[in-house]
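A.B. asks: Residue numbers (full-length UniProt numbering): 1 to 939.
Glycine included, C-beta positions come from ideal geometry on N, C-alpha and C.
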Amino acid sequence: VLEARIQQLQSDVVLDVQHAKVQFLKSPSFRPSRWMEKLSEEKKNKLKKQQILQQKMQRNPKEKLPGKSKASRTAAVTTAATSSKAAEALKTSKQKRRDSKSKVSDKDATNKPEDGDLAEIEELEKRLNEQDIQLSIRCYLEACVFMGDVERSQRFLLSQHRVMSRRKQLTTDIYNIMMRVWAKKGTLNQIGRIFILLEEAGLKPNVSSYSAALECMGRNKNCPPKVISRCLDQMKKDGLSVDDLFRECVFRQDERDMLLKAVQTVRPDYEPSLTLNASQSSSPLVKDFYTNRDHHTYPKLDFTQEDLQRRFQHQLSVEQACTVTIDSVEAMKPVTENMVKMRELLAEQRAQWQKVLLQALRENKMILTKTNTRDYKLNLYPYLCLLEDKEYVDIMIQSVSNLPPSGESLKILAHDLGNRIYTKYCVRQKHQNCIVEKLQSIYGAYTELLAKDTKVCNVLPREQWCKLEMEQSSGPTLQGAETSWPYVLMLELGTFIVDIMVKNLKINSDILNPAYDKKLIPILYHMYTFRSTRQVGFIKPHPILTQMQQEAMETTLTFDSSVMPMLCPPVPWTSEKFGAYLLTPAKLMRATHGATQHEELLEKCPNLHPVFDSLNQLSNCAWRVNKPILDIIISIFNDRGSDKLDIPPPLSEAPKIPHFNPQDPDYTASEKAHMKREVINAKKKCSEMHSLRMDALYKLSIAHHMRDKLFWFPHNMDFRGRTYPCPPYFNHLGSDVTRATLVFAEGKPLGPKGLDWLKIHLVNLTGLKKRSSLQGRLEYADSIMEDILDSADDPLNGKKWWMEADEPWQALACCMEIANAVRSPDPTKFVSHFPVHQDGSCNGLQHYAALGRDVIGATSVNLMPCEVPQDVYSGVAQQVEELRTRDAAKGLKIAQVLEGFISRKVVKQTVMTVVYGVTRYGGRLQIEKRLKEIDEFPK
1 VLEARIQQLQ SDVVLDVQHA KVQFLKSPSF RPSRWMEKLS EEKKNKLKKQ QILQQKMQRN
61 PKEKLPGKSK ASRTAAVTTA ATSSKAAEAL KTSKQKRRDS KSKVSDKDAT NKPEDGDLAE
121 IEELEKRLNE QDIQLSIRCY LEACVFMGDV ERSQRFLLSQ HRVMSRRKQL TTDIYNIMMR
181 VWAKKGTLNQ IGRIFILLEE AGLKPNVSSY SAALECMGRN KNCPPKVISR CLDQMKKDGL
241 SVDDLFRECV FRQDERDMLL KAVQTVRPDY EPSLTLNASQ SSSPLVKDFY TNRDHHTYPK
301 LDFTQEDLQR RFQHQLSVEQ ACTVTIDSVE AMKPVTENMV KMRELLAEQR AQWQKVLLQA
361 LRENKMILTK TNTRDYKLNL YPYLCLLEDK EYVDIMIQSV SNLPPSGESL KILAHDLGNR
421 IYTKYCVRQK HQNCIVEKLQ SIYGAYTELL AKDTKVCNVL PREQWCKLEM EQSSGPTLQG
481 AETSWPYVLM LELGTFIVDI MVKNLKINSD ILNPAYDKKL IPILYHMYTF RSTRQVGFIK
541 PHPILTQMQQ EAMETTLTFD SSVMPMLCPP VPWTSEKFGA YLLTPAKLMR ATHGATQHEE
601 LLEKCPNLHP VFDSLNQLSN CAWRVNKPIL DIIISIFNDR GSDKLDIPPP LSEAPKIPHF
661 NPQDPDYTAS EKAHMKREVI NAKKKCSEMH SLRMDALYKL SIAHHMRDKL FWFPHNMDFR
721 GRTYPCPPYF NHLGSDVTRA TLVFAEGKPL GPKGLDWLKI HLVNLTGLKK RSSLQGRLEY
781 ADSIMEDILD SADDPLNGKK WWMEADEPWQ ALACCMEIAN AVRSPDPTKF VSHFPVHQDG
841 SCNGLQHYAA LGRDVIGATS VNLMPCEVPQ DVYSGVAQQV EELRTRDAAK GLKIAQVLEG
901 FISRKVVKQT VMTVVYGVTR YGGRLQIEKR LKEIDEFPK
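#1: Out of curiosity, what's the CA-to-CA distance linking Gln95 and Asn129?
#2: Grab the span of the alpha helix (DSSP H) containing Ala813 for me, first residue to last.
#3: What is the DSSP secondary structure of Tyr698, reduced to helix, strand or coil?
#4: Is the CB-CB distance between Ser687 and Val536 below 8 Å?
#5: Who are the Cβ neighbours of Asp695 in its own chain at under 8 Å, not counting the five residues just before and after it?
#6: Among Asn607, Leu308, Phe303, Gln878, which has the Cα closest to the Cα of Ser283?
#7: Go to Lys540, then tell me how far its beta strand (DSSP E) extends in each direction, as first and last residue.
#8: As a quick exercise: from Thr187, Leu468, Arg310, Ser209, pick the residue whose alpha carbon is nearest that of Leu274.
#9: Apart from the five residues just before and just after Lys333, which ones in its own chain have a Cβ nearer than 6 Å to its Cβ?
#10: Tell me which residues share the same chain as Leu742 and place their Cβ nearer than 6 Å to its Cβ, disregarding the 5 neighbours each side in the sequence.
#11: DSSP puts Glu408 in a beta bridge; with which residues?
#12: Identify whether Ser105 lies in helix, strand or coil by the three-state DSSP scheme.
#13: Out of Leu545, Asn843, Phe530, Leu413, which one is the CA nearest neighbour of Asn513?
#14: Nearest by alpha-carbon distance to Phe713: which of Glu344, Ser701, Tyr581 is it?
#15: Suppose contacts are defined by Cβ-Cβ distances below 8 Å. Is Glu630 in contact with Arg707 by that definition?
#16: With DSSP as the reference, please indicate the residues paired to Met566 in a beta bridge.
#17: Relative to the C-alpha of Gln909, which candidate in Leu883, Leu892, Val876, Gln896 has its C-alpha closest?
#18: Given that a residue counts as buried once 16 or more other Cβ atoms are within 10 Å of its Cβ, and exposed if not, what is Ser399?
#19: Does DSSP put Lys506 in a helix, a strand or coil?
#20: In the DSSP assignment, find the beta strand (DSSP E) that holds Trp465 and state where it starts and stops.
#21: In three-state terms, what does DSSP make of Tyr528?
#22: So, is Thr556 buried or exposed, given that buried needs 16 or more other C-beta atoms within 10 angstroms?
#23: Gly494: which of Val906, Tyr392, Ser509, Tyr140 sits nearest, CA to CA?
#24: In angstroms with no decimal places, state the Cα-to-Cα distance between Lys452 and Asn620.
#25: Check the DSSP bridge columns for Val914 and list the partner residues they point to.
#26: Pull up the CB-CB distance for Pro308 and Leu450, whole angstroms please, since I reckon it's below 8 Å.
#27: On the DSSP bridge assignment, give the partners of Ala622 in chain order.
#28: Taking a contact to mean a Cβ-Cβ separation below 8 Å, would you say Glu807 touches Leu765 in this structure?
#29: What span of residues does the beta strand (DSSP E) with Thr738 cover, start to end?
#30: Quick check on Asp708 - is its C-beta less than 8 Å from some C-beta in chain C?
#31: DSSP beta-bridge partners for Val207?
#32: Please state whether the Cβ-Cβ distance between Leu931 and Ser832 is less than 8 Å.
#33: Tell me whether the beta-carbon of Gln550 lies closer than 8 Å to the beta-carbon of Leu651.
#34: Go ahead and pull the three-state DSSP assignment for Lys430.
#35: I'd like to know whether the C-beta atoms of Gln169 and Asn433 end up nearer to each other than 8 Å.
#36: In chain order, what residues of the same chain have a beta carbon less than 6 Å from the beta carbon of Ala889, not counting five sequence neighbours either side?
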């Protein structure tokens, strides 16, 4: 740790940073550093707490076992060295936790009947551990089968089965994986052996087991009908019907057809009895929406069926590639000689790195094939054979290009790499299972509901999709074919990939400065930092690489396909595991990585149809880019940015990091401490500026790429039911800049009141008339019409009235829309694409007031009728100002300093977030940040 800390401190001043393995060092003769003292003290405190806890539990067994902190859960992951032993470190850490739990359990064995809560916690943790192991085994077997190594998968299953302790971890579904393999080959005797293994394990065959057996019989031309009849009779004894097979099984390729062929051999007239799983919602809140639809039809999109099908093909090709390369908006800048030189150097280096990584990956795979001496031991080899070697290398090169100068947490980087491999694997699986062809067929028929040149329907997208799936039941099942990888597996695979990158990616030290000695140095290095009391592993790029990337200002950016908006209407959500993208896996509910409880509860929900239908309705809204606004924003972005207009400036505008020698005797201790703080603040500012700049670059580049296209945002939700667009960078829930660049694809005539609503919306964006009635806001808009038209005509050189608004870019976009409408021959017939917001008044407090039947609170958040809109933020600001005045009169200095600075804007964020659990400390930081934004406030 000490060596890593020294390496971290020297990283900014030493050119050649050696990659050193972190190891335990013997106690040096000099006094240990404060970091070592801190770690030692932390360890002592931890041991002391454990001893106190054990004594308490012995005295009072009814006390609950405290839950593990997030720090202790993740410490093993974040501090794992970037080596092939990282996976072992994770497993060892888990084993230690299990051992410690079992010790506590043994001590309290006699108290279990009295300590129900503790027993319940232990049972839950045990069940979750078992689920992780079962999922890992299942993923391993599926990966072996996918890569075509049937022998490895069969050998592994038998090795697990032979040992009783490991046999307990196996489930029927795990045995079924091998049954499917032998069913494809038509090897009935192997399936019989697996049935015997199931019986030995004390497990019962399920629908998938019998489906595999019957499929095998269907493939085998010489299979006697007597054998099929015997299988069906046994299935009946187990309480399963043939209809259950067709209703509950997930089929791949032609499995369903072979199953039906086998059944019809002994029952020629049999046809599967399928029911449409589209029952109406039982919730009384929404029941009427589903039952009273006689005079309602589903609204059509402004596209022909042929157009929608063509858009589907474009989106399919994007998702099949898994990545999208687009032009960067920085490419519009004039190209300098240095930029050309840096781009050539980077291209040359990347070509070389690709060769090195390809060779290193193949060598590591060879080592893994030889080191797996014990058949029951899981290793990463099958996961490194799921894609072509070049695809793994491309993922590595892309991650290096996207690495920020300040580095990335090893845990985050490893998971990101593992997730990219998993996504590509899922897309390949769908190709192999013939799902793509069936998806094309069903989507083509689904467009009849949405297209404007087809007959009208009174069914919802979810209902239409389910109906089409039932009608086209032959072939593979679209839903539930892929198994989600456990979080730990993604981390282990990602850590392995990171290790290859750190060890093999090198660059010449004199590439930018011939004065330095020429030698190969790593471009990535593994370091440690401390977050609170936790030690966190970091992967940081070498300053040489960072300088080259910044000066090159490359003309292209590469994104995962899921980051981009969709080019066709999304697939409707029909279950918690199916919807949104065509091929890319998506989650209905966002959850913390590795958390499975939420997903289990979601699957148990009796009826989620209203949730699916709400998300589908949001997802079916088409959008396009507001090109005039986008062009103005890009011009400012490529100039020098603007803090006032929320356009981040380039790093060339960042404060220079001061350099000083800490050993210089001319500085006093206080001066050194002050200069250290200045260095830390300057580095933090540079890091923040880079993050903001890159975020803006991604958003604007995606918007520029989509400027001539129509697109859709697939939606999902969080555990509260709040909905979000899936694409993270560019969407309509983004910042003021992003929202201003988006308008609806389908326009509507303004009608008699449309122009008034545009004016009211503009006044709302300024934040000036919060207490005025709608009529008062309309009158104010009419009184400033000259400023509105000037802003629209000459936004950058005119009076610049729009720049003073709370949301300046949306205000400018609205000014342009109003100008176009009032100058049209008939404003009522002007076709507008502009979104007008309708927002709740502090929605969190609205819920509190409604739940508590709080009339005063309800009035302040507009849940009660009032002549003019109420503004709770202004009310709170007024009360705070009264308290400040009283304290100032008593001579309180801070209250006197705050005179004139307590405004609605200062208190708004804290009032809004207090209902979401913001702490006193967090609220203080929010207010401090708002005060710092005021130029006149004394710093």
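C.D. replies: Reading it off the structure:
#1: In this prediction, Gln95 has a pLDDT of 45, which is less than 50 and means its spatial position is unreliable; what the coordinates show is noted afterwards. Gln95 and Asn129: Cα-Cα distance of roughly 10 Å.
#2: Where Ala813 is concerned, the enclosing alpha helix (DSSP H) stretches over 808 to 822.
#3: DSSP, read as helix, strand or coil, puts Tyr698 in helix.
#4: Contact flag unset, no.
#5: Correct list, in chain order: Pro648, Tyr729.
#6: Scanning Asn607, Leu308, Phe303, Gln878 for the CA closest to the CA of Ser283 turns up Asn607.
#7: Residues 534 to 541.
#8: The shortest C-alpha separation from Leu274 is found at Leu468.
#9: Correct list, in chain order: Asn638.
#10: So the list reads Trp623, His732, once near-sequence residues are dropped.
#11: According to DSSP, Glu408 bridges with Ile539.
#12: A caution first: Ser105 carries a pLDDT of 40, below 50, which makes its placement in the model unreliable, though a value can still be read off. In the displayed model, Ser105 falls within a helix according to three-state DSSP.
#13: Of the listed residues, the one whose Cα sits closest to Asn513 is Leu545.
#14: Selected option, being the one with the closest Cα: Tyr581.
#15: Checking the displayed sequence, the identity of residue 630 turns out to be Leu instead of Glu. A contact, by the Cβ cut-off of 8 Å.
#16: Per DSSP, the beta-bridge partners of Met566 are Trp712.
#17: Distance from the Cα of Gln909 is smallest, within the candidate group Leu883, Leu892, Val876, Gln896, for Val876.
#18: Its Cβ being crowded by 16 or more others within 10 Å, Ser399 is buried.
#19: Note: Lys506 maps to strand in three-state DSSP.
#20: Going by DSSP, Trp465 is part of no beta strand (DSSP E) but of the alpha helix (DSSP H) stretching over 461 to 471.
#21: Tyr528: strand per DSSP, three-state reduction.
#22: It is exposed - the Cβ of Thr556 has fewer than 16 other Cβ atoms within 10 Å.
#23: The shortest Cα separation from Gly494 among Val906, Tyr392, Ser509, Tyr140 belongs to Tyr392.
#24: In a straight line, the C-alpha of Lys452 is about 14 Å away from that of Asn620.
#25: Partner(s): none; Val914 has no beta bridge.
#26: Residue identity check: residue 308 is Leu in the sequence provided, not Pro. Going by Cβ atoms, the distance from Leu308 to Leu450 rounds to 6 Å, so yes, they are a contact pair.
#27: DSSP lists Trp712 as partners of Ala622.
#28: It is a contact, given that the beta carbons lie within the stated cut-off.
#29: For Thr738, no beta strand (DSSP E) encloses it; the enclosing alpha helix (DSSP H) starts and ends at 736 to 740.
#30: The structure shown contains no chain C; it holds only a single protein chain.
#31: DSSP output for Val207 lists no bridge partner at all.
#32: Cβ atoms of Leu931 and Ser832: not closer than 8 Å.
#33: Yes, they are a contact pair.
#34: Lys430: helix per DSSP, three-state reduction.
#35: Not in contact: Gln169 and Asn433 (Cβ atoms no closer than 8 Å).
#36: Closer than 6 Å at Cβ, skipping near neighbours: no residue.
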